[in-house]
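One structure is given below, encoded as structure tokens.
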Amino acid sequence: MTRQYKAPRGTQDILPADQPWWDYVRDTAARLAREFGYAQIETPVFEEAPLFTRGVGEVTDIVQKEMYVFQDRGGTDLALRPEGTAPVCRAYLEHGMHSLPQPVRLWYITPIFRYDRPQAGRYRQHHQFGVEAIGEAGAAVDAEVIELLWRLCGELGLTGQTLHLNSIGDQNCRPAYLEMLRGYYRDKLSGVCEDCRARFERNPLRLLDCKQEICRPVIAVAPPIADHLCDECARHFADLCSYLDAAGIPFALNPRLVRGLDYYTRTVFEVQPREEGGQSSLGGGGRYDGLIEQLGGKPTPGIGFGSGIERIVINLKRQEAPLPDARPLQVYVVVQTPAARVPAFRLASDLRRAGVSAVAGSSERSLKAQMRHADALGAVYAAILGERELAEGTVALKHLADGTQETVALAEVAERVGPA
RNA sequence: GUGGGCGUAGUGUAGCGGUUAACACGCCAGGUUGUGGCCCUGGAGAUCGUGGGUUCAAAUCCCAUCGUCCACCCCA
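Residue numbers (numbering that gives the first Met the number 0): 0 to 419.
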């Protein structure tokens with residue numbers, strides 16, 4: 000009669016079997032971020048909704064149809080975080096981080112919510128590792144941030160990924176380019192998909208990354224934005240490329256890469272895995288020199304990226320990347336006689352206190368059952384407490400892999416089984 | 001938002017008009033005297049996603065609905 004509860008559509012439980020992969024990715028990301036001089040930040044899971052509508056852009060799909068918005072009991076419009084950059088910029092402003100040494104380098108790992116139709120590698124709740132460098136306009140930070148994302152993939156053991164790079168200009172050169180692009184499209188609108196006709200009006204830059212078959216030939220000969228940057232943007236882009244070359248990071252110039260958040264300026268980039276699927280992108284980001292001002296701050300440049308942990312894990316599994324050894328359970332304490340219940344519990348407790356992982360078996364179960372259990376849990380040792388051991392203050396310590404067994408004083412178990 | 005595939009024990013599957021709904025793995029217990037892995041035996045566990053319909057008879061056919069997966073779209 001009672002209904003079966005399930006995780007809501009598009010969400011998933013990350014079960015113990017998957018945790019080693021998650022730990023691996025999280026630990027590697029955190030280590031790398033610190034190595035690059037980034038400090039961790041955590042922002043709330045929800046924010047005032049206008050932060051995103053204004054920051055990310057009213058006409059983006061994320062804002063128009065993918066945000067989880069709700070009112071709290073006080074009537075405030077809130078939104079579950081649909082992306083990571085705007086909240087960090089809000090925190091930068093709110094806490095006066097402009098008075099810290101610039102740029103302020105921050106990283107985070109956080110859940111992201113988007114009301115999307117779920118499919119492979121796409122969820123309504125997913126997790127992003129992201130990085131933001133705020134307060135520095137020079138192309139070296141762009142290269143640094145890109146290097147961090149690139150290194151993450153490499154450190155994790157992913158192979159065959161490609162870095163796509165483009166520049167989409169700034170306030171000075173983009174308007175003129177968009178006019179040129181419109182001019183180019185104007186007489187071709189009849190030969191282009193329906194979405195693109197809408198894009199022509201609303202968001203012409205997006206014409207360039209339409210995937211429809213009909214639009215491909217039109218895009219192929221469209222004027223690339225990289226050829227129409229103003230001097231400063233062109234200079235910035237050229238600098239970035241030389242920094243990347245210097246760091247030995249291979250990149251592919253992709254004139255069709257524009258990305259879907261309105262706040263991007265100049266640099267945009269994306270890392271695609273070896274095996275490309277529908278939505279494969281492992282991570283992407285770009286420069287957002289106008290965002291902080293948009294949010295009410297003084298003009299402040301910034302750059303960052305977000306990378307999807309679920310997708311990274313999917314690719315690690317697909318590529319059969321090796322995982323660092325998981326730490327096995329060290330000791331399973333076998334309760335052989337009812338009289339040993341308390342001493343067995345005590346032994347397990349003492350072991351844990353000494354930093355040795357241990358679980359106590361149940362006196363309800365037979366010796367045989369407990370031994371099986373110890374084996375099934377992958378314990379390294381079984382510590383058996385029976386009448387004899389109880390009388391002597393010892394345990395029978397059996398190494399399960401090779402079957403050897405010895406009698407050890409209770410007080411010495413920890414050091415006997417401990418690492419070394 | 002649009003299109004397609006699939007929903008049978010915890011997991012993976014078989015059955016495709018009439019069966020006590022099967023098998024494997026997993027789980028629990030036992031295989032006499034204090035010891036796991038292999039093996040053997042037994043047990044628990046499924047109103048066959050849900051609701052309608054067709055039929056003497058439905059897990060099997062039809063419809064709807066929900067869920068899920070995949071593609072478009074969008075993005076991480």
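Backbone N, C-alpha and C define an ideal beta-carbon position, used for all residues, glycine too.
Drop a sphere of 10 angstroms on the beta-carbon of residue i, count the other beta-carbons inside from all chains shown, and report buried for 16 or more, exposed for fewer.
| i | result |
| --- | --- |
| methionine 0 | Legend: pLDDT at methionine 0 = 39, less than 50; position of this residue unreliable, value from coordinates given subsequently. Exposed: under 16 other Cβ atoms inside 10 Å. |
| asparagine 165 | buried |
| lysine 5 | exposed |
| glutamine 63 | exposed |
| glutamate 131 | buried |
| arginine 352 | exposed |
| serine 348 | exposed |
| proline 49 | exposed |
| lysine 367 | exposed |
| serine 306 | buried |
| phenylalanine 268 | buried |
| alanine 400 | exposed |
| phenylalanine 128 | buried |
| lysine 397 | buried |
| phenylalanine 69 | exposed |
| alanine 16 | exposed |
| isoleucine 224 | buried |
| leucine 147 | buried |
Taking residue i as the reference, give the member of the options with the closest Cα.
| i | options | result |
| --- | --- | --- |
| glycine 36 | Ala233, Gly295, Arg215 and Arg104 | Arg104 |
| alanine 38 | His235, Trp106, Gln335 and Asp238 | Trp106 |
| glutamate 231 | Arg273, Leu188, Val68 and Arg173 | Arg173 |
| leucine 256 | His227, Gly182 and Thr266 | Thr266 |
| glutamate 309 | Trp21, Arg8 and Pro7 | Trp21 |
| threonine 59 | Arg364, Asn202, Pro100 and Glu41 | Asn202 |
| alanine 45 | Arg89, Gly247 and Val24 | First, the residue type needs correcting, since residue 45 is phenylalanine and not alanine in the sequence shown. Out of Arg89, Gly247 and Val24, Arg89 has the C-alpha closest to the C-alpha of phenylalanine 45. |
| valine 55 | Arg80, Glu34 and Ile40 | Arg80 |
| glutamate 391 | Ala400, Val140, Pro342 and Asp401 | Pro342 |
| glycine 354 | Val24, Val416, Ala225 and Gly95 | Val416 |
| alanine 85 | Thr42, Pro100, Gln124 and Asp71 | Thr42 |
| glycine 95 | Ala139, Gly295 and Asn171 | Gly295 |
| alanine 395 | Gly190, Asp26 and Val330 | Val330 |
| alanine 32 | Ala233, Asp76 and Trp149 | Trp149 |
| glutamate 212 | Cys195, Glu200 and Gln293 | Cys195 |
| alanine 139 | Asp76, Asp374 and Ala245 | Ala245 |
Within a Cβ cutoff of 8 Å, which residues of the same chain sit near residue i, ignoring the five residues on either side of it in sequence?
| i | result |
| --- | --- |
| leucine 328 | Ser356, Ala357, Val358, Leu376, Gly377, Ala378 and Val379 |
| lysine 297 | His97 and Ile291 |
| isoleucine 13 | Trp21 |
| alanine 175 | His227 |
| lysine 187 | Val217 |
| alanine 338 | Glu386 and Leu389 |
| leucine 177 | Pro203 and Leu204 |
| arginine 25 | Ile108, Phe128 and Ile308 |
For residue i, collect the residues of the same chain with a Cβ closer than 7 Å to its Cβ; drop the 5 residues on either side in sequence, then sort them by chain order.
| i | result |
| --- | --- |
| threonine 393 | Thr406, Val407, Ala408 and Leu409 |
| alanine 221 | Leu180, Tyr183 and Leu207 |
| glutamine 160 | Cys152, Val270, Gln271, Pro272, Arg273 and Leu281 |
| threonine 52 | Val62 |
| alanine 320 | Leu155, Gly156 and Leu157 |
| arginine 317 | Glu274 |
| glutamine 335 | Leu366, Ile383, Leu384 and Gly385 |
| arginine 113 | Ile61, Glu65, Pro81 and Arg123 |
Contact check, residue i vs residue j under 8 Å by CB: the rounded distance?
| i | j | result |
| --- | --- | --- |
| glycine 134 | proline 102 | 4 Å |
| leucine 162 | proline 249 | 7 Å |
| glycine 303 | valine 144 | 6 Å |
| glycine 168 | cysteine 229 | 7 Å |
| leucine 315 | alanine 413 | Wrong, their Cβ atoms sit about 35 Å apart, outside the cutoff. |
| glycine 385 | histidine 372 | With a Cβ gap of about 17 Å, glycine 385 and histidine 372 do not count as contacting. |
| glycine 137 | threonine 109 | Not confirmed; about 27 Å, so no contact. |
| alanine 142 | leucine 243 | 5 Å |
Tell me, which residues are paired with residue i by DSSP?
| i | result |
| --- | --- |
| phenylalanine 250 | Answer is none; phenylalanine 250 lacks a bridge partner. |
| histidine 94 | Answer is none; histidine 94 lacks a bridge partner. |
| serine 306 | Phe128 and Gly282 |
| serine 241 | Partner(s): none; serine 241 has no beta bridge. |
| leucine 260 | DSSP lists no partner for leucine 260. |
| asparagine 165 | Val267 |
| glutamine 39 | Trp106 |
| tyrosine 380 | Val330 and His398 |
| alanine 408 | Thr393 |
| alanine 28 | Note: alanine 28 sits in no beta bridge, so no partner. |
| aspartate 76 | Gln70 |
Does the ligand SAM have even one heavy atom less than 8 Å from the beta-carbon of residue i?
| i | result |
| --- | --- |
| asparagine 171 | Inclusion of the ligand SAM in the displayed structure is not the case, the ligand content being empty and no account of it being possible. |
Which same chain residues end up closer than 6 Å to residue i when comparing Cβ atoms and leaving out the 5 residues on each side of it in sequence?
| i | result |
| --- | --- |
| glutamine 11 | none |
| alanine 419 | Since pLDDT at alanine 419 reaches only 45, below the 50 mark, its modelled position is unreliable, and the value read off the structure follows with that caveat. For alanine 419, where only same-chain residues beyond five positions count, there are no Cβ hits under 6 Å. |
| aspartate 288 | Thr264 and Pro300 |
| valine 420 | Residue 420 lies beyond the residue range present for the chain, which begins at 0 and ends at 419; the question has no answer from this structure. |
| methionine 66 | Ala78 and Pro81 |
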